[in-house]
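In terms of the working numbering, the sequence shown opens at residue 318 and continues consecutively.
For each residue, glycine too, the CB sits at the ideal point set by N, CA and C.
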Amino acid sequence: MIPLPPSTRIYLACGATDMRKGFDGLAVLVQQVLEQSPHSGALFAFRGKRGDLIKLLWFDGQGMCLFSKRMDRGKFVWPVTKTGKVSLTSAQLSMLLEGIDWRRPERTAVPLLAG
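Below you can see the structure in the form of structure tokens.
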């Protein structure tokens with residue numbers, strides 16, 4: 318997992334992104350589509366059309382970082398909307414990167430009595 322500071326904001330870019338884009342192309346999308354600054358320290362996630370590739374853009378204070386992950390099997394769970402952005406917690410990002418449905422995680426039953 319990426320060592321993000323606890324206060325880091327995390328945004329998903331809804332819809333499909335052209336995965337040929339690199340640092341500069343994704344930074345322009347952050348500015349124009351998400352209306353955020355790519356140098357704000359927030360992490361921005363983009364998913365390709367097929368759904369098996371994700372790219373994360375993050376400014377760590379020294380420079381831009383670009384991480385990518387391709388699923389061998391399955392797809393990354395993504396919002397259904399075509400445009401806009403969705404904010405995530407770091408726990409939801411962790412589930413997303415593991416291929417877990419971060420929107421409806423299964424919770425285990427809490428015991429009613431101790432012992």
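Residue range of the alpha helix (DSSP H) that includes residue i
i: Ser404; result: Note, Ser404: premise wrong, no alpha helix (DSSP H); beta strand (DSSP E) at 402-405.
i: Gly342; result: 340-349
Proximity winner among the options, relative to residue i (alpha-carbon distances)
i: Cys331; options: Leu414, Ile417, Gly401, Leu410; result: Gly401
i: Leu360; options: Leu383, Lys366, Glu415; result: Leu383
i: Trp375; options: Arg387, Pro396, Gly391, Gln353; result: Gln353
i: Ala344; options: Pro320, Leu321, Pro323, Lys372; result: Lys372
N-terminal and C-terminal residue of the beta strand (DSSP E) that residue i is part of
i: Leu321; result: No beta strand (DSSP E) contains Leu321, which DSSP labels as neither H nor E.
i: Phe376; result: 370-376
i: Phe363; result: 360-364
Close beta carbons around residue i, own chain, < 7 angstroms, minus the five adjacent residues each side
i: Ser404; result: Arg326, Ile327, Tyr328
Close Cβ partners of residue i (< 8 angstroms) along its chain, the five nearest in sequence each way excluded
i: Val394; result: Leu413, Gly416, Ile417, Asp418, Trp419, Arg420
Residues sharing a beta bridge with residue i, DSSP
i: Ser385; result: Lys372
i: Ile327; result: Leu360, Leu405
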